[in-house]
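So the sequences go chain by chain: R and V. First residue of the first sequence? That's 1 in full-length UniProt numbering, and the numbers climb one at a time after it. First residue of the second sequence? That's 1 in full-length UniProt numbering, and the numbers climb one at a time after it. The structure appears right after this line, and notes come after that.
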Amino acid sequence: MADLLTIENLTIRHVGRPLVSDVSLSVAAGERVGLIGESGSGKSLTALAAIGLLPDGMTASGSIRLSDREVIGSADRDVAGLRGTAVATIFQEPLTALDPLMRIGKQIAEAVRRRAHRDGRSVDVQAEVLGLMVRVALPDPARLARAYPHEMSGGQRQRAAIAMALACRPSLLIADEPTTALDVTTQAEVLTLLETLVREENMGLLFISHDLPVVGTAVDRVVVLRAGEMVEQGPIAEVFGRPRHPYTLGLVEAARAFDQAIGAAL
Amino acid sequence: MSLIDLAAVSFAYGRGRKVLDGVDLSIEAGRNLGIVGESGSGKTTILRLLLGLAQPTSGKVTFRGAPLDPRNRPFMRGFRRSVQAVFQDPYSSLDPRQKIADIVAEPLRSLNVETDIDAAVAGALASVDLPPDAAGRYPHEFSGGQRQRIAIARAIVSEPELVLADEVVSALDLTTRIRIVELLKSLSARTTLALVSHDIGFVALLCQDLVILEKGRIVEQGTARDILSSPKHPYTQRLLASTPRLPEFA
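In structure tokens form, the structure reads like this:
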């Protein structure tokens, strides 16, 4: 199976200092890969490098192939064509990803039109928007399409952001801490939704999180980053079931302590 | 004996909808209490009432049986010495222009506590496993976890009977979080904790008693053991079922 994303020996530097060193990973169609690490581990930078959006002043070396096109060293106009077609991204805080002055239906419509224009297709935009809203289980889509982001709950906003990502019909979805800002009951719903969508659309998923139990339920393979370096990677059952690196072991033990507390109270 | 009681407490901002409705709860000395709920459940409003920073629209808040009265200054001074707080964000809760020694000593100074301030600060820093030379440094020189230790040192320096903690580990990484839990566990021997959090796993590690809040009402309260082993209310059941756990791998 061809990989949608292949990162080889990625190093990201800022003023000569390495922030990410020698990271390699790949995501194939239908595969769910987790990128896990604590603050400053370089997980979000790795994702930004993958879509060619590193902040100014940072340089990347190594190789990133997105849908068989090299990202590192390519002009932004070449990589821009991949964003929204080969790859779509959802971020932690949906409020920052949504325009506060535009009704939600219009925002999703924008993504639908853009993709249709690129594909040279004509579409019934309104029908497609409502279809996408149904797909991400937004209640009463006709009414909610007329709502502004501040009139929606956090979970509804994240569903709307996922609908916009789906409108692009990407082969790869990058989800950067997509449930961190949500309550646990909403988080469970959004995780189930992502799992269903990725399976049914046969997308690849790169799931970035600091939360072990969330990653443990959301992905098949995991890459563990610490201070910009890859300490371990492999199938989830192997990495979390029999961690080889002391850092991974520490994370697993800490997560288990919280889990056991729920099972065995004082 | 109960330290603070909320009796039939309701609270609304202006003429708006009630954000707390008929809340009854007691914080007993020596028994840590976890107040658990999601966004908009009224957790933070309860914390403000417990700290005397807001007055209930109806109902009563009492400290050792006496109503909290902001006009009764001597009473409130005793209350503030006995009840201290730690907040969620260790970056915004410490004054960046003050040295750690001054930050930690602040409750002693503002409450006119007659004591050897330098010794009390050194003792509080030692209790949270920070080196003595931390006293001469500024907040920006410390990591998030260390800053939260400084905030905890400030909360315990006046030797309070009760420490209220609002989402104290939410902004921290997992490995730092577990170290703060261990610190709070060791502090439980000398002070009672009331932890407000959305994270039921965190409070379960530290609290004997739990209160589950949904949309301003208490839907379930009792011992942590009972609630976690057999949750009665559908919301508590949903909260526990939704809390992600690391799968068991053979």
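Glycine included, each C-beta is placed from N, C-alpha and C at the ideal position. This one's a predicted model, so the numbers in the text were calculated from it and none came from an experiment.
7 Å Cβ cutoff, R/Phe258 in contact with chain V: As a first step, residue 258 of chain R must be located in the first sequence, where it is residue number 258. Chain V contact via Cβ: present.
Would a check of beta-carbon distances place R/Ala75 closer than 7 Å to chain V? Against the first sequence, residue 75 of chain R aligns to sequence position 75. Using a CB distance cut-off of 7 Å, R/Ala75 does not count as an interface residue toward chain V.
How is V/Ser127 classed by DSSP in three states: helix, strand or coil? On the second sequence, residue 127 of chain V is found 127 positions in, with the first residue counted as 1. Of the three classes helix, strand and coil, the one that applies to V/Ser127 here is helix, per DSSP.
Just the Cα atoms here: how many angstroms apart are R/Phe258 and R/His210? Along the first sequence, one-based indexing puts residue 258 of chain R at 258. Along the first sequence, one-based indexing puts residue 210 of chain R at 210. Using only the alpha carbons, I get a separation of about 15 Å.
With a threshold of 7 Å between beta carbons, is residue 275 of chain R in contact with chain V? Look at the range of chain R in this structure, 1 to 266, and you will see that residue 275 of chain R is not part of it.
Just to confirm, is the Cβ distance from R/Asp176 to R/Ser41 under 7 Å? In the first sequence, the residue the question calls residue 176 of chain R occupies position 176. In the first sequence, the residue the question calls residue 41 of chain R occupies position 41. For R/Asp176 and R/Ser41, no; Cβs fall outside 7 Å.
Starting from R/Leu48 and walking both ways along the alpha helix (DSSP H), at which residues does that stretch end? As a working note, residue 48 of chain R is residue 48 in the first sequence. R/Leu48 -> alpha helix (DSSP H) spans 43-50.
Residues of chain V with a CB under 7 Å from the CB of R/Asp183: which are they? In the first sequence, counting from the first residue as 1, residue 183 of chain R sits at position 183. The answer, in chain order, is Glu38, Ser39, His198.
Would you please state the rounded distance, in angstroms, between the beta carbons of V/Ala135 and V/Ile117? I believe it to be under 8 Å. Your numbering for residue 135 of chain V matches position 135 in the second sequence. Your numbering for residue 117 of chain V matches position 117 in the second sequence. Contact between V/Ala135 and V/Ile117 fails: their C-beta atoms lie close to 11 Å from each other, not under 8 Å.
Comparing alpha-carbon positions, which option in V/Ile27, V/Val23, V/Tyr13, V/Arg15 lies nearest V/Leu3? Here residue 3 of chain V is taken as the residue at index 3 of the second sequence, counted from 1. When the alpha-carbon of V/Leu3 is set against those of V/Ile27, V/Val23, V/Tyr13, V/Arg15, the nearest one is in V/Ile27.
Let me check understanding here. Comparing Cα to Cα, which of R/Leu172, R/Val190, R/Val112 lies closest to R/Thr180? In the first sequence, residue 180 of chain R corresponds to position 180, counting from 1. For R/Thr180, the closest of R/Leu172, R/Val190, R/Val112 by C-alpha to C-alpha distance is R/Val190.
List the DSSP bridge partners of V/Gln88. Mapped onto the second sequence, residue 88 of chain V falls at position 88. Note: V/Gln88 sits in no beta bridge, so no partner.
Taking the continuous beta strand (DSSP E) assigned at R/Met230, which residues delimit it? By one-based count along the first sequence, residue 230 of chain R stands at place 230. That run of the beta strand (DSSP E) goes 229-235.
Excluding the 5 residues preceding and the 5 following R/Val231 in the sequence, name in chain order all residues of the same chain whose CB lies nearer than 8 Å to its CB. Against the first sequence, residue 231 of chain R aligns to sequence position 231. Answer for R/Val231: Val224, Leu225, His245, Tyr247, Thr248, listed in chain order.
Is any beta-carbon of chain V found at less than 7 Å from that of R/Ser44? Position 44 of the first sequence, counted from the start, is the residue given in the question as residue 44 of chain R. Using a CB distance cut-off of 7 Å, R/Ser44 does not count as an interface residue toward chain V.
Sub-7 Å separation of V/Phe11 and V/Leu20 beta-carbons: The residue given as residue 11 of chain V occupies position 11 in the second sequence. The residue given as residue 20 of chain V occupies position 20 in the second sequence. In contact: V/Phe11 and V/Leu20 (Cβ atoms closer than 7 Å).
Beta-ladder partner(s) of R/Glu70, from DSSP: Locating residue 70 of chain R in the first sequence gives position 70, counting from the first residue. Under DSSP, R/Glu70 shares a beta bridge with R/Arg65.
Note down, in chain order, all residues in the region 198-220 of chain V with a beta-carbon under 9 Å from any beta-carbon belonging to chain A. The displayed structure is made up of protein chains R and V, and chain A is not among them.
Anything in chain R within Cβ reach of V/Leu246, meaning under 8 Å, just list it in chain order. As a position in the second sequence, residue 246 of chain V is number 246, starting the count at 1. Correct list: Leu212, Pro213, Gly216, Phe240, Val252, Ala255, Arg256, Asp259.
Does any CB atom of chain R fall closer than 7 Å to the CB of V/Phe249? If you number the second sequence from 1, residue 249 of chain V lands on position 249. Among the CB atoms of chain R, one or more fall inside 7 Å of the CB of V/Phe249.
Taking 7 Å as the CB-CB cut-off, is V/Arg238 touching chain R? Residue mapping note: residue 238 of chain V aligns to position 238 of the second sequence, counting from 1. So, interface residue.
Quick one: does R/Ser39 have its CB under 7 Å from some CB of chain V? The residue you call residue 39 of chain R lines up with position 39 of the first sequence. With its beta carbon less than 7 Å from one in chain V, R/Ser39 belongs to the interface.
State the beta-bridge partners of R/Leu95 as determined by DSSP. Position 95 of the first sequence, counted from the first residue, corresponds to residue 95 of chain R. DSSP lists no beta-bridge partner residue for R/Leu95.
Is the CB-CB distance between V/Arg154 and V/Ile103 below 7 Å? Translated into positions along the second sequence, residue 154 of chain V becomes position 154. Translated into positions along the second sequence, residue 103 of chain V becomes position 103. In contact: V/Arg154 and V/Ile103 (Cβ atoms closer than 7 Å).
Check each candidate in R/Ala165, R/Ile108, R/Asp140 and name the one with the smallest Cα separation from R/Phe91. Walking along the first sequence from the start, residue 91 of chain R turns up at place 91. The shortest Cα separation from R/Phe91 among R/Ala165, R/Ile108, R/Asp140 belongs to R/Ala165.
V/Ser229 to V/Gly40 span [Cα, whole Å]: Indexing the second sequence from 1 puts residue 229 of chain V at position 229. Indexing the second sequence from 1 puts residue 40 of chain V at position 40. Cα-Cα distance, rounded: 26 Å.
For the alpha helix (DSSP H) that contains R/Thr217, what are its first and last residues? What you label residue 217 of chain R is simply residue 217 of the first sequence in a count that begins at 1. First-last of the alpha helix (DSSP H) with R/Thr217: 212-218.
V/Leu3 CB to nearest chain R CB: under 7 Å? As a position in the second sequence, residue 3 of chain V is number 3, starting the count at 1. Taking 7 Å as the CB threshold, V/Leu3 stays off the interface with chain R.
By a C-beta neighbour count over all protein chains shown, 10 Å radius and 16 as the cutoff for buried, is V/Arg73 buried or exposed? Counting from 1 along the second sequence, the entry for residue 73 of chain V is found at position 73. So V/Arg73 counts as exposed.
Any idea what DSSP makes of R/Arg17, helix, strand or coil? The residue labelled residue 17 of chain R in the question sits at position 17 within the first sequence. R/Arg17 falls in the strand class under three-state DSSP.
Under DSSP, the beta strand (DSSP E) around R/Ser32 begins and ends at which residues? As a first step, residue 32 of chain R is located in the first sequence; it is residue number 32 there, counting from the start. A small correction: the amino acid at residue 32 of chain R is Arg; Ser does not occupy that position in the sequence shown. Its beta strand (DSSP E) spans residues 32-36.
So, is the C-beta of R/Ile262 closer than 7 Å to a C-beta in chain V? As a working mapping, residue 262 of chain R is identified with position 262 in the first sequence. Yes, because at least one Cβ of chain V sits closer than 7 Å to the Cβ of R/Ile262.
Taking Cβ to Cβ, would you say V/Leu33 is nearer than 7 Å to V/Leu164? Residue numbering aside, residue 33 of chain V sits at position 33 when the second sequence is read from its first letter. Residue numbering aside, residue 164 of chain V sits at position 164 when the second sequence is read from its first letter. No. Outside cutoff.
So for V/Ala18, helix, strand or coil by DSSP? For this step, residue 18 of chain V is matched to residue 18 along the second sequence. Looking at the sequence provided, one finds Lys at residue 18 of chain V rather than Ala. It is a strand residue.
Is the region 101-121 of chain R in contact with the region 68-87 of chain R, if contact means three or more CB pairs nearer than 8 Å? The region 101-121 of chain R is in contact with the region 68-87 of chain R.
V/Met76, DSSP secondary structure in three states: Position 76 of the second sequence, counting from 1, holds the residue named residue 76 of chain V. In the displayed model, V/Met76 falls within a helix according to three-state DSSP.
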